[in-house]
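Structure first, commentary second.
Numbering (UniProt numbering), first residue to last: 1 to 200.
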């Protein structure tokens, strides 16, 4: 299956079979997230894989039932401490030549500050980076014949308590993954004319 086919076949699955995921498939899905691009190569994503019956039941008390019905749910988080590694990430990019021909190529990495961001901007920045990793996982799951569903409806405080998350870790989305019980129909989509504002 090529990328175009994976994009076309991807559906939000809300009915899962009970079959467990193959360990190697789960590994490929997580590896797809690991390889996602991120601003200044920050890689702020962190994941918790919920698989045990006990933890899936605990998860049920935090979110929609179908999430806990999936054989595995990846709790997709951002790590605010990752911002402290920006100097290291810039230096790594310089060392591999990724910044060649830019004003950052020869900059002293310890002096890099990036653009000044408010707390809200910082949160948005980290969430956007995580979103790319989540989509990578969704497309990889589709290629493996697995269904998934991006879920942001959950009780943040309950989830923090259930998983014992540190203050620097914020859960942003839940990604239940498993074999689909049904074959969802394509969802309605706006036409290109409706989403392209202009070509200038």
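Note that the Cβ used here is the ideal one computed from N, Cα and C, for glycine as well.
Specify, as a first and last residue, the run of the alpha helix (DSSP H) that residue 25 falls within.
Within the chain shown, numbered from 1, the residue matching residue 25 stands at position 25. Looking at the DSSP string, the run of the alpha helix (DSSP H) that includes residue 25 is 23 to 34.
Please classify residue 75 as buried or exposed, where buried requires at least 16 other C-beta atoms within 10 Å of its C-beta.
By one-based count along the chain shown, residue 75 stands at place 75. Residue 75 is buried by the Cβ-count criterion.
Quick check on residue 88: does DSSP put it in helix, strand or coil?
For the purposes of this step, residue 88 is taken as residue 88 along the chain shown, with counting starting at 1. Helix, per DSSP.
Count the other CB atoms, across all protein chains shown, that sit within 10 Å of the CB of residue 79; report buried if there are 16 or more and exposed otherwise.
Numbered from its first residue, the chain shown carries residue 79 at position 79. Result: buried.
Throw me the rounded Cβ distance for the residue 42 and residue 89 pair, which I believe falls under 8 angstroms.
Looking up residue 42 in the chain shown gives position 42. Looking up residue 89 in the chain shown gives position 89. The pair is a contact, with the Cβ atoms about 6 angstroms apart (cut-off 8 angstroms).
Can residue 72 and residue 21 be called in contact, C-beta distance under 8 angstroms?
To locate residue 72, count along the chain shown from 1; it is residue 72. To locate residue 21, count along the chain shown from 1; it is residue 21. Contact: yes.
Which residue wins for smallest C-alpha separation from residue 45, given the options 31, 51 and 54?
Indexing the chain shown from 1 puts residue 45 at position 45. It is 31 whose Cα lies nearest to the Cα of residue 45.
CA-CA distance, residue 69 and residue 127?
Stepping through the chain shown from its first residue, residue 69 is reached at position 69. Stepping through the chain shown from its first residue, residue 127 is reached at position 127. Roughly 26 angstroms between the two C-alpha positions.
Output the distance between the C-alpha atoms of residue 109 and residue 99, rounded to the nearest integer angstrom.
Within the chain shown, residue 109 is the residue found at index 109, counting from 1. Within the chain shown, residue 99 is the residue found at index 99, counting from 1. Roughly 12 angstroms between the two C-alpha positions.
Kindly list the residues whose CB is nearer than 7 angstroms to the CB of residue 67, restricted to its own chain and excluding five residues on each side of it in sequence; keep chain order.
Numbered from its first residue, the chain shown carries residue 67 at position 67. Within the same chain, residue 67 has close Cβ partners 59, 73, 151, 174 and 176.
Between which residues of its own chain and residue 148 is the CB-CB distance below 7 angstroms, once the five residues before and five after are set aside?
Here residue 148 corresponds to residue number 148 of the chain shown, with the count starting at 1. Closer than 7 angstroms at the Cβ level, and outside the excluded window around residue 148, lie 13, 138, 141, 175, 176 and 177.
If I measure Cβ to Cβ from residue 146 and keep anything under 6 angstroms in the same chain, skipping five residues before and after, which residues do I get?
To locate residue 146, count along the chain shown from 1; it is residue 146. For residue 146, where only same-chain residues beyond five positions count, the Cβ hits under 6 angstroms are 177.
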